[in-house]
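So the structure is just underneath, and the comments pick up after that.
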RNA sequence: GCGGGUGUAACUCAGUUGGUAGAGUGUUUGCUUCCCAAGCAAAAUGUCGCGAGUUCGAAUCUCGUCACCCGCUCCA
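Numbering (the numbering used here), first residue to last: 1272 to 1749.
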């Protein structure tokens, strides 16, 4: 059944809160913009995502190991990575049209236009003025003056009623130690990757790794977003699942293609996201550190948006750290006696974004026996609750038998027990949270030791032996 | 941050020209029921987003503020 996109998001938000997937953060104090809490079912689902990712990365690859780096790092890390200098965007607003632009983008567009028009003299002048901005005392002022001097207009509206250029610092600053002064400034990491780069030699040495090898990490990162929103899609505090793969320079292209294929397959095959909702996006404009970049995007109800970036980061990061720390970041290949700074292929996935993609992908409204129902068609391995154990009636010893089965199954996976209301209502409750199987204990169970398994997707039933239930569910979780 | 919209029960929403809050769903308890939101009976839950102001009196009018939704920009 097809629903209007905006309706789907509203329904997801409402369902997520009602059933304990996601609550607004500190809600009793009016919440906090763009922050959310994962509830009992949400934390289970998220844990499943992370576990699947971790196992896929580290267990299935003998040359990938994991770390868990600290969120706070020496602030010089962020000078080396370029975040202190460039991870803040100069923004400018047009008073007439109320539109907002990146000031540097306006100038770059202008330069591009001059180049296309073949106005070489003008081009030279603007280009050098733009290059001088970096060394200007007040770079925002310099950008502003350049925009005014060149009479640069907005590319989409042609208007040019500009405000001052203002800086948006995307890194969270805080103070380490009880006394707050300039020397105590530390940052909440805006990406987990740097925790990997700075540990390159530690990990290589202690795990006896030889290039090519990878380091995987799951952890929180923080960014002050200019525009937040779309539920948990763009949060200021979010969780990344990143892997940096270190390769010999010149071989990065092959590694890149291999990871591209593997990562896409993970979403479509392992997690069961609908393939037609997944898209590739190739970056034309590359970040300063990259030589090739693709994103895997998912078709959310609010648009096609990124869930994972696969980027060829060159040797930029290690080289920077070598320069800023003064420590050698080279790798020595003992077989060939070559020394080099490895190139890096990065796979960087947004855990919360994937969570949202899974919810959006799974949300269904259909009809069973003439009655509408809401269902989350989650793959069994990501579903928070693997099975529900339901006595058909409370009486006649069925409750006791079902409780016994619940205790037994609970040792292997998360199950729910429910004896409240009619059996149909209880099936629907489980459908709504994506539980793939309902195990129902009836009279026959007491007599001959069998139960029925009711399948979420088809509502069909199958009778199996009580002793086989655990095995049956296990088989479906592979 | 800017423009537009919205905040009333867990959810979806009513609430008249200002007179101290309702419905449906859900939840809880009991009865009934041998398989898909059935029925019967009872119950709990609101500082009407928050704070000021006007008024004898504010969910309702005014101002401020916070959050959310839709656009502008960035990215995981």
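Beta carbons: idealized from backbone N, C-alpha and C, even for Gly.
Just so we're clear, the structure is a prediction, and the values are computed from it rather than from any experiment.
Same chain, Cβ closer than 8 Å to residue i, five either side skipped, listed in chain order
| i | result |
| --- | --- |
| residue 1419 | 1433 |
| residue 1701 | 1656, 1659, 1687, 1689, 1709 and 1727 |
| residue 1374 | 1361, 1362, 1363, 1411, 1414, 1415, 1418 and 1436 |
| residue 1731 | 1725 |
| residue 1377 | 1363, 1418, 1423, 1425 and 1426 |
| residue 1296 | 1302, 1303, 1306, 1307 and 1308 |
Exposure of residue i, with buried meaning 16 or more beta-carbon neighbours within 10 Å
| i | result |
| --- | --- |
| residue 1494 | buried |
| residue 1311 | exposed |
| residue 1715 | exposed |
| residue 1599 | exposed |
| residue 1551 | exposed |
| residue 1455 | exposed |
| residue 1272 | Confidence in residue 1272 is poor, its pLDDT being 43 and thus under 50, which makes the residue's placement too unreliable to answer from. |
| residue 1607 | exposed |
| residue 1278 | exposed |
| residue 1610 | exposed |
| residue 1485 | buried |
| residue 1445 | exposed |
| residue 1582 | buried |
| residue 1546 | exposed |
| residue 1381 | buried |
| residue 1404 | buried |
| residue 1450 | exposed |
| residue 1579 | buried |
| residue 1293 | buried |
| residue 1300 | exposed |
| residue 1447 | exposed |
Selected residue, minimal CA-CA separation from residue i, among the options
| i | options | result |
| --- | --- | --- |
| residue 1457 | 1582, 1351, 1342 and 1412 | 1342 |
| residue 1406 | 1431, 1383, 1356 and 1378 | 1356 |
| residue 1645 | 1620, 1559 and 1634 | 1634 |
| residue 1535 | 1455, 1565 and 1558 | 1565 |
| residue 1336 | 1622, 1513 and 1278 | 1513 |
| residue 1587 | 1333, 1352 and 1285 | 1352 |
| residue 1734 | 1747, 1720 and 1531 | 1720 |
| residue 1540 | 1297, 1323 and 1290 | 1323 |
| residue 1743 | 1680, 1692 and 1729 | 1680 |
| residue 1280 | 1502, 1483 and 1583 | 1502 |
| residue 1592 | 1354, 1296 and 1285 | 1354 |
| residue 1461 | 1515, 1423, 1511 and 1290 | 1511 |
| residue 1574 | 1504, 1612, 1518 and 1602 | 1504 |
| residue 1641 | 1347, 1459 and 1695 | 1695 |
| residue 1548 | 1569, 1740 and 1301 | 1569 |
| residue 1621 | 1654, 1538, 1486 and 1346 | 1538 |
| residue 1521 | 1478, 1615, 1531 and 1474 | 1615 |
| residue 1718 | 1669, 1496 and 1303 | 1669 |
| residue 1347 | 1638, 1398, 1459 and 1334 | 1459 |
| residue 1707 | 1314, 1652 and 1677 | 1652 |
| residue 1675 | 1741, 1628, 1697 and 1601 | 1741 |
| residue 1577 | 1384, 1623 and 1703 | 1623 |
Beta-carbon contacts of residue i that lie in its chain and below 7 Å, excluding the five residues immediately before and after
| i | result |
| --- | --- |
| residue 1508 | 1306, 1491 and 1493 |
| residue 1529 | none |
| residue 1488 | 1337, 1338, 1339, 1340, 1463, 1466, 1467 and 1513 |
| residue 1626 | 1316, 1317, 1320 and 1503 |
| residue 1673 | 1660, 1661, 1662, 1688 and 1712 |
| residue 1595 | 1347, 1350 and 1351 |
Residues that DSSP places opposite residue i in a beta bridge
| i | result |
| --- | --- |
| residue 1723 | 1711 and 1734 |
| residue 1446 | 1456 |
| residue 1351 | According to DSSP, residue 1351 bridges with nothing at all. |
| residue 1484 | 1517 |
| residue 1493 | 1508 |
| residue 1437 | 1362 |
| residue 1335 | 1485 |
| residue 1611 | 1602 |
| residue 1295 | 1307 |
| residue 1552 | 1566 |
| residue 1644 | 1637 |
| residue 1582 | 1564 and 1617 |
| residue 1320 | In the DSSP output, where bridge partners are listed per residue, residue 1320 has none listed. |
Contact set for residue i: own chain, Cβ-Cβ below 6 Å, skip 5 residues either direction
| i | result |
| --- | --- |
| residue 1665 | 1690 |
| residue 1667 | none |
| residue 1267 | Residue 1267 is absent from the structure shown; the chain starts at 1272 and stops at 1749. |
| residue 1825 | Residue 1825 lies beyond the range of the chain shown here (1272 to 1749); nothing can be said about it. |
Proximity test, residue i beta-carbon vs the ligand MN heavy atom, cut-off 6 Å
| i | result |
| --- | --- |
| residue 1495 | No copy of the ligand MN occurs in the structure displayed, which carries no ligand at all. |
Practice task
Only counting runs of 4 or more residues, tell me where the alpha helix (DSSP H) segments fall wholly within the segment 1355-1419, in order along the chain.
Solution key: Runs found: 1374-1388 and 1391-1404.
Exercise for the section: Taking only runs that begin and end inside the segment 1655-1692, name each unbroken alpha helix (DSSP H) of 4 or more residues, in chain order. Expected result: Listed in chain order, they are 1669-1681.
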